[in-house]
Amino acid sequence: MNIGQAAAASGISAKMIRHYEAIHLIAPGARSDAGYRIYQEKDLHTLRFIKRARSLGFSLEQIKALLSLWQDAHRASADVKAIALEHVDELNRRITELTEMRDTLSELARSCSGDARADCPILRGLAAPADTAACCGHAAAHRHE
Numbered sequence: 213m214n215i216g217q218a219a220a221a222s223g224i225s226a227k228m229i230r231h232y233e234a235i236h237l238i239a240p241g242a243r244s245d246a247g248y249r250i251y252q253e254k255d256l257h258t259l260r261f262i263k264r265a266r267s268l269g270f271s272l273e274q275i276k277a278l279l280s281l282w283q284d285a286h287r288a289s290a291d292v293k294a295i296a297l298e299h300v301d302e303l304n305r306r307i308t309e310l311t312e313m314r315d316t317l318s319e320l321a322r323s324c325s326g327d328a329r330a331d332c333p334i335l336r337g338l339a340a341p342a343d344t345a346a347c348c349g350h351a352a353a354h355r356h357e
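According to my numbering, the sequence shown is numbered sequentially starting from 213.
Next up, the structure:
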C-alpha cells in the first residue's frame with residue numbers, strides 16, 4: 213500500500229509518517245519502481261503502536277525505546293514496566309501542575325467582579341511574579357519591587 217493508504221489505515225497523517233521515517237522511529241518504506249513508498253501490514257502494526265503510545269502521552273524517545281523492546285523477543289518485561297512507570301510519574305507531576313494552575317486561575321476568576329470596573333484581580337494576578345502572587349487577587353507577603 214502507498215503512504216496515503218497507510219495513513220488512512222493507521223490514522224497517522226502521511227506527513228507524520230514521513231517525519232517518523234526521518235527521525236528513524238520507523239524504517240523507511242520500500243519504494244516502488246516509480247519511487248513511491250510502499251508499506252506492508254507489519255508497518256501498519258508499528259504505526260498503530262506509535263499512535264497508541266502517543267495517545268497515552270509517551271515522548272518520541274520513550275516510544276523509540278518501547279518499539280525496540282516490542283520488537284525484541286528476548287526483552288525483559290521489567291524494562292517495559294520501568295518506562296511505563298517513569299511515564300506515570302511524569303503524568304502525575306503534570307497533573308499536579310495543571311491542578312495548581314486550575315486552582316489559581318479559579319481563585320483569580322472568583323475574585324473578579326466581572327462588571328464595568330477597570331480594576332481586575334485577574335490581570336493583577338497575571339502581572340504579579342509567580343512566586344509573589346496569591347489567590348483572590350491579593351499580593352502575597354513578598355512584593356516585587
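Even glycine gets a Cβ: it sits at the ideal position worked out from N, Cα and C.
One alpha carbon belongs to S318, the other to F270, and they sit about 29 Å apart. As the crow flies, the alpha-carbon of D315 is around 24 Å from that of H299. For N214, same chain residues with a beta-carbon under 6 Å away, outside a window of 5 residues either side, are Y248 in chain order.
DSSP places D315 in the uninterrupted alpha helix (DSSP H) bounded by 289-323. The beta carbons of A342 and I334 sit no closer together than 8 Å. In the three-state scheme derived from DSSP, where H, G and I count as helix and E and B as strand, R329 is classed as coil.
DSSP places G216 inside the alpha helix (DSSP H), whose first and last residues are 215-222. Collapsing the DSSP output to three states places I275 in a helix. Each residue's CA atom was taken as its position, placing S225 and L256 some 12 Å apart.
Between K263 and S222, the C-beta spacing is below 8 Å. In this structure, R243 places its C-beta atom within 8 Å of the C-beta atom of I250.
Taking a C-beta distance under 8 Å as the contact criterion, L279 and V292 do not qualify as a contact pair. Distance from the CA of A290 to the CA of L268, rounded to the nearest whole angstrom, comes to 19 Å.
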